[in-house]
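Chains as they are written, first to last, in our numbering: chain E, 1 to 500; chain Y, 501 to 954.
For each residue, glycine too, the CB sits at the ideal point set by N, CA and C.
Laid out in structure tokens, this is it:
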């Protein structure tokens, strides 16, 4: 195994895009090989027509209990990915039970069917398979990744984890301790501290997006086995789920197996509580968390963004690519390449059913914290002014042409299909994607920049060495500074009793 | 033709793959010594170029640690016919992505592009191989020096436990061994790196006869061959680059170290020097690591984390490299527990393996996981760890790009007593480097060792 150092730190980019053989902007020319002559290096070679991605069709199947199944066949490597998506996630956690969705998910592979936690793990590992359970804000799920040769055995284990978890009390005690310890460890991690604080600041702790999905000390100590069982039996229902399958199977071969394992899964009454509206940031505040002696300051700047199904979605993707969503974006070019303040700077919109966060950030050398903030302000203002034709062309090409690369592994394809299921996007969404990106105009980009990026109304979180950075940050006069300790953000580090 | 490897256990181990693994390729070289490997995969319209320069931090001079990696950054700052910033801009405008990494043994560069942009990638890569110095300036060195220093701050200094690997390697390897110093380098040495160093390093190591180029994906092999000849054929070869040499590394008596850090919980690191990647013992140690700490039923995880619940996490890895490897066990104590408690359990479990070979099922489970991981490795074409990168890695280490079956056969060949024996040989009680990282001011939480002293 090699451990290398990468040139680029991936900024927080969550670009969703695909390219489908559009080449309105590229020059057409046959490739010339020219043996034996010096190549012409005076300008970059012209590109031939851009290729199109030919995805296999999305097959819509249904089990007798109406559980929808999306299948995309992919036969290059004998592997299969199954993703059971359940449309309830952490955002529905009751306020007194923060983390219940996440803990329920974490507990689902701690005993299921007739197997205890160790037997289950042994069985899965022995097959060379992986089973992962998770909860996101608006959905939960179980993922199986397995070699085709062990499909039947792996699928039975996957069904056990998804439908028949046993939630053993002693395993919950173990998970409880593990998570309380993780909460303590967050005190060591400036990026984690900044993320928690930014969420709280933007949405408030009463709003689902402002809470920690992982659970807090109080909820972690109080959530019971019954709470988890109730969560599972209420929400893991056939009418609140979809099954995504990608890999080396066919509908005919897989359906009988699914019917046997999932066909009798019950429906139930499932309510989808609405997400309360959230107010946009009204002013500009700096939240400075002291991390004495830190060699870098972690800067995270945020405001409320837009929902996934906004009509501004495609212009926002293009705008963010220019601002902070690619290596050549303005933020990275300025803070990294031009000034050397950081290893990487970027920005991203968090797209959820209701507006999530817009966030820009970088980890910068302590002594240039103020200068870095000034450059962030410059770029957040600048994107509202104008973008160049070159930037627009490059961002649109970047979004559309690189996307086929996201359809290589079965896990990558399944990840794309999740969006179809979660947001009821049409089957031709992927085919239409390039057209929608290419239709974005300069006016669109400048309009959404002015609508969503307002540097007068933002929350600025800085986690760093207060005594070294306070004066410089204050002298920028960006707004009032609120000083916080790490405990103010995370609460005191939970203490544990000895042993088990 | 490929040799089919048979082994005694093949009949009892359930195999996941019915067919042999094969990644078909074509290979040729240019007259300037550049080695070229082509692999066709038309599943998505993407091509990846992947160049390995056979130079890493192991080649650095004293006082210039971190230089190979700094040089990697400078490779993106333009070349004779590519103005500053245009390497990235032209690639992104064509829908491409790129990255690079440096380790002690090599530096790799990849470009993932839509298949119509293959020639752009070859132009850019050949231009920096042939004409980097034409566009070099002290200012460019300074700019990337600051970026790299921030990379060190972000990935090491501002990370909890981030400085541990640097201290371990300094103590595992003698000062004249090239794995003694970290690839990221020291701040002082990064400051000292000069424009002249860049020129010297480039002329010595960034020559076609010290590089291998893999082009994988949606390609037409004949046309691709012509394009490689067109863009790379004119670059003159450099002087021959001899394989790196390293003095013997051997830890003759246990070293115990303590480091204070801004952390909540103490963490213990046990490290041994082990055989290089693909050498006898390497696969055994991979499997031993899995048996010790891969999954809930592994020996250390089950005792420390699952049963006793005195540790938050535990890991074991055979960290394989070209000149020498490191077997590393790490465990983090829960609050209220000391590293001495963790060490006692870890030593007991190692001793058990030395006394009694693992159960057949433990071995099978580990081998099955490796076998499945080989399938997963065939899915992606480009990027770090994609097929292009793996073909280049195997080519570099074995001379055979399609070494997949041979590599997997190493694992399939193992019997339980192989694992026992390798633990006895390499996980010596008197030959490890033990590091305790403890919260500031809490040196009493460190693992004191057998005599109870420091």
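The beta carbon of residue 212 of chain E lies closer than 8 Å to those of 98, 99, 196 and 199 in the same chain, with the five residues before and after it left out. Contact between residue 473 of chain E and residue 373 of chain E holds: CB atoms are separated by about 6 Å, below the 8 Å threshold. Nearest CB-CB separation between residue 393 of chain E and chain Y: below the 8 Å threshold. Non-local beta-carbon contacts of residue 220 of chain E in its own chain, meaning distances under 7 Å to residues more than five positions away in sequence, involve 99, 176, 179 and 180 in chain order. Each of Y:780, Y:533 and Y:691 was checked against the Cα of residue 644 of chain Y, and the nearest Cα belongs to Y:691. No beta strand (DSSP E) of 3 residues or more sits fully in the stretch 876-912 of chain Y. When only Cα atoms are considered, residue 223 of chain E and residue 102 of chain E end up about 11 Å apart.
Contact check for residue 935 of chain Y against residue 664 of chain Y passes: the beta carbons are separated by less than 8 Å. Using a CB distance below 9 Å, the part of the stretch 749-769 of chain Y facing chain E consists of 761, 762, 763, 764 and 765, ordered along the chain.
Of all residues in the stretch 171-182 of chain E, those with a C-beta nearer than 8 Å to a C-beta of chain Y are 174, 177, 178, 181 and 182, reading in chain order.
With fewer than 16 other beta carbons inside 10 angstroms of its own, residue 750 of chain Y counts as exposed. In the DSSP assignment, no residue is bridged to residue 327 of chain E. Of all alpha-carbon atoms in Y:567, Y:700 and Y:777, the one lying nearest the alpha-carbon of residue 897 of chain Y is that of Y:777. Around the C-beta of residue 940 of chain Y, fewer than 16 other C-beta atoms lie within 10 Å, and the residue is accordingly described as exposed. Its chain contains 155, 156 and 159 as the residues whose beta carbon lies nearer than 7 Å to that of residue 261 of chain E, once the 5 sequence neighbours on both sides are disregarded; these appear in chain order.
The three-state reading of DSSP puts residue 193 of chain E in helix, counting H, G and I together.
Counting only runs that start and end inside the stretch 705-756 of chain Y, the alpha helix (DSSP H) elements of at least 4 residues fall at 721-732. Separation of residue 670 of chain Y and residue 429 of chain E (C-alpha to C-alpha, rounded to the nearest whole angstrom) is 54 Å.
Residue pairing by DSSP puts residue 134 of chain E in a beta bridge opposite E:141. Contact annotation: residue 459 of chain E and residue 120 of chain E have beta-carbon atoms that are not nearer than 8 Å. For the C-beta of residue 326 of chain E, the chain Y residues within less than 8 Å are, from N- to C-terminus, 592. Non-local beta-carbon contacts of residue 530 of chain Y in its own chain, meaning distances under 8 Å to residues more than five positions away in sequence, involve 536, 708, 728, 729, 732 and 733 in chain order. Within the stretch 643-675 of chain Y, contact with chain E at the beta-carbon level (separation under 7 Å) is assigned to 643, 646, 647, 650, 651, 653, 654, 657, 658 and 660.
In this structure residue 66 of chain E is not in contact with residue 184 of chain E, their Cβ atoms being roughly 45 Å apart against a cut-off of 8 Å. By the CB criterion at 8 Å, residue 546 of chain Y and residue 405 of chain E fall inside the cutoff. For residue 691 of chain Y, the enclosing alpha helix (DSSP H) begins and ends at 687-692. In the DSSP assignment, residue 638 of chain Y falls within the unbroken alpha helix (DSSP H) covering 638-652. Residue 353 of chain E is not a Cβ neighbour of residue 304 of chain E, given a cutoff of 8 Å.
For residue 424 of chain E, no chain Y residue has a Cβ inside 7 Å of its Cβ, as the nearest lies near 26 Å away. By the C-beta density criterion, residue 483 of chain E is exposed, having fewer than 16 other C-beta atoms within 10 angstroms.
Annotation: the continuous beta strand (DSSP E) that includes residue 818 of chain Y extends over 811-819. None of the residues of the stretch 268-289 of chain E has a beta carbon lying less than 7 Å from any beta carbon of chain Y. Boundaries of the beta strand (DSSP E) harbouring residue 602 of chain Y: 597-602, taken from the DSSP string. By the C-beta criterion, the stretch 621-641 of chain Y is judged not to be in contact with the stretch 792-799 of chain Y, since fewer than 3 inter-stretch pairs fall below 8 Å. Counting other Cβ atoms within 10 Å of its Cβ, residue 393 of chain E stays below 16 and is therefore classed as exposed. Residues of chain E with a Cβ closer than 8 Å to the Cβ of residue 718 of chain Y are, in chain order, 51.
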